[in-house]
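**Student:** The sequence shown begins at 21 in my numbering and counts up one residue at a time.
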Amino acid sequence: MLVSAKEMLDKAVAGHYAVGQFNINNLEWTKSILLTAEELKSPVILGVSEGAGKYMTGFKTVAAMVKAMMEELNITVPVALHLDHGTYEGCKKCIDAGFSSIMFDGSKYPIEENVAKTKELIAICREKGMSIEAEVGSIGGEEDGVIGKGECADPNECKMIADLGVDMLAAGIGNIHGKYPANWEGLSFETLDAIQKLTGDMPLVLHGGTGIPEDMIKKAISLGVAKINVNTECQLSFADATRKYIEAGKDLEGKGYDPRKLLKPGAEAIQATVKEKMELFGSVGKA
Ligand code: G3H
Ligand code: ZN
């Protein structure tokens, strides 16, 4: 059964570790992540961007696939199905489709409208037992058409949004979606520290988890980060393993072109990446 992300993230804050949000794109991604979470007895959040939801034919298809797969794989660890970087309309669709968690990015609206819409969505989530994430500042780079300037969040604005009653808060602290450029200045721990001091036990979310050095991940967790989003790194692992399979001509041997064989190295590579991240984030054995 899908669960809200609230309980798993509150436990993560108390236990000083982070739960990974791994974005899904298709059946192979979903299965690889669920199997790894179960094997490692780790809670997990499956992230779905609006673009990925559309690619998988719609949020209802995604919710039905995830629920059926959890049942048939006998998944016992806590799993949240979460809309990533959602619009107001996308949030409504995911609520109706049976997701257990949403992220609302209302930064395109004037602040009053953003607050009003956030409050409305919070009330719906409370009623349905779902969790909700809000974003303050902006995550740099681009993810599925969502482009951010990469401005660090204002800690006072974080406090204001946290006080509305969201369950988790994504704050821009110099993090970027996609690969980090060679001249990246790193995370702003000064900003993170100021945000944590004002927001207390609010689980903080670190987007752009691909390629952040281990010491920065650990420091971010020590300053209240309880959810870390990873997307690009699984895509890179999948692409790399698939390329090696094809370049080695394995698709030409026997029935190596059968999609069940062709997609296997990529699926195994995703499992290895997810395992590595869960170990780094400290969520292994926390289910
Ligand atoms: O929302 C999802 C993420 O923030 C993933 O970022 O693609 O850089 O790992 P990433
Ligand atoms: Zn993100």
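For every residue, glycine included, the Cβ atom is placed at its ideal position computed from N, Cα and C.
Check the DSSP bridge columns for leucine 226 and list the partner residues they point to.
**Tutor:** DSSP output for leucine 226 lists Ile248 as bridge partner(s).
**Student:** Which residue marks the beginning of the alpha helix (DSSP H) containing glycine 286, and which one marks its end?
**Tutor:** 284-301
**Student:** Mind checking whether glycine 160 and isoleucine 196 have CB atoms under 8 Å apart?
**Tutor:** yes
**Student:** Give every residue of the same chain whose Cβ lies closer than 7 Å to the Cβ of phenylalanine 258, excluding the five residues on either side of it in the sequence, and list them in chain order.
**Tutor:** Gly286, Ala289, Ile290
**Student:** With three or more beta-carbon pairs closer than 8 Å as the criterion, would you say the region 235-243 touches the region 206-221?
**Tutor:** yes
**Student:** Can you check the region 182-242 for any beta strand (DSSP E) of at least 3 residues that lies completely inside it and give the ranges in chain order?
**Tutor:** 188-191, 224-226
**Student:** For methionine 180, tell me which candidate among Lys199, Pro201, Glu155 has the shortest Cα-Cα distance.
**Tutor:** That would be Glu155, whose Cα lies nearest to the Cα of methionine 180.
**Student:** Leaving out five residues before and five after glycine 302 in sequence, what residues of the same chain have Cβ atoms less than 6 Å from its Cβ?
**Tutor:** So the list reads Tyr37, once near-sequence residues are dropped.
**Student:** Measuring straight from C-alpha to C-alpha, what distance separates proline 223 and aspartate 30?
**Tutor:** 7 Å
**Student:** At what residue ranges does the region 126-156 contain a whole run of the beta strand (DSSP E), taking only runs of 3 or more?
**Tutor:** 151-156
**Student:** Report all residues from its chain with a CB closer than 8 Å to the CB of histidine 105; omit the five preceding and five following residues, and keep chain order.
**Tutor:** Ser69, Glu70, Met123, Asp125, Glu155, Glu163, Asp164, Val166
**Student:** How about the region 80-89 and the region 43-54: do they share at least three Cβ pairs that are nearer than 8 Å?
**Tutor:** yes
**Student:** Label lysine 247 either buried or exposed according to how many other C-beta atoms from any shown protein chain fall within 10 Å of its C-beta, with 16 as the threshold for buried.
**Tutor:** By the 10 Å Cβ count, lysine 247 comes out buried.
**Student:** Between which residues of its own chain and valine 23 is the CB-CB distance below 8 Å, once the five residues before and five after are set aside?
**Tutor:** Pro98, Val99, Ala100, Ser120
**Student:** Going by alpha carbons, who is nearest to lysine 295 out of Glu27, Ile44, Val64, Asn46?
**Tutor:** If we check each option's Cα against that of lysine 295, Val64 comes out closest.
**Student:** Taking all protein chains shown into account, do 16 or more other C-beta atoms lie within 10 angstroms of the C-beta of alanine 202, making it buried, or fewer, making it exposed?
**Tutor:** Alanine 202 comes out exposed.
**Student:** Comparing the CB of glycine 198 with every heavy atom of the ligand G3H, is any distance shorter than 7 Å?
**Tutor:** Checking the 7 Å criterion, the Cβ of glycine 198 is within range of a heavy atom belonging to the ligand G3H.
**Student:** What do you reckon, are the CB atoms on leucine 60 and valine 304 nearer than 8 Å?
**Tutor:** yes
**Student:** If you draw a straight line from the C-alpha of asparagine 45 to the C-alpha of glycine 220, how long is it?
**Tutor:** 34 Å
**Student:** Say the cut is 7 Å; is the CB of isoleucine 159 nearer than that to a heavy atom of the ligand G3H?
**Tutor:** yes
**Student:** May I ask you to list the residues that DSSP assigns as paired with glycine 67?
**Tutor:** Asn43, His102
**Student:** Report yes if the C-beta of serine 227 is less than 7 Å from at least one heavy atom of the ligand ZN; otherwise report no.
**Tutor:** For clarity, residue 227 is histidine in the given sequence; the question names serine instead. Checking every heavy atom of the ligand ZN against the Cβ of histidine 227, one is found closer than 7 Å.
**Student:** For alanine 246, decide whether its Cβ has a neighbour in chain C, counting only Cβ atoms nearer than 8 Å.
**Tutor:** The chain inventory of the structure shown lacks chain C, comprising one protein chain alone.
**Student:** Excluding sequence positions up to five away, which residues of its chain have a Cβ less than 6 Å from the Cβ of phenylalanine 79?
**Tutor:** Gly73, Lys113, Cys114, Ala117
**Student:** Would you identify the three-state DSSP class for serine 257, choosing helix, strand or coil?
**Tutor:** helix
**Student:** For asparagine 134, which option in Glu147, Ile95, Lys148, Glu177 has the closest C-alpha, if you only look at C-alpha atoms?
**Tutor:** Glu177
**Student:** To which residues does DSSP link serine 121 through a beta bridge?
**Tutor:** His102, Ser151
**Student:** So which of Gly228, Gly185, Met188 has the shortest CA-CA distance to tryptophan 204?
**Tutor:** Gly228
**Student:** Just tell me which of Gly198, Lys281, Asp174 has its CA closest to the CA of alanine 190.
**Tutor:** Asp174
**Student:** Please report the straight-line C-alpha distance between aspartate 235 and lysine 275, rounded to a whole angstrom.
**Tutor:** 44 Å
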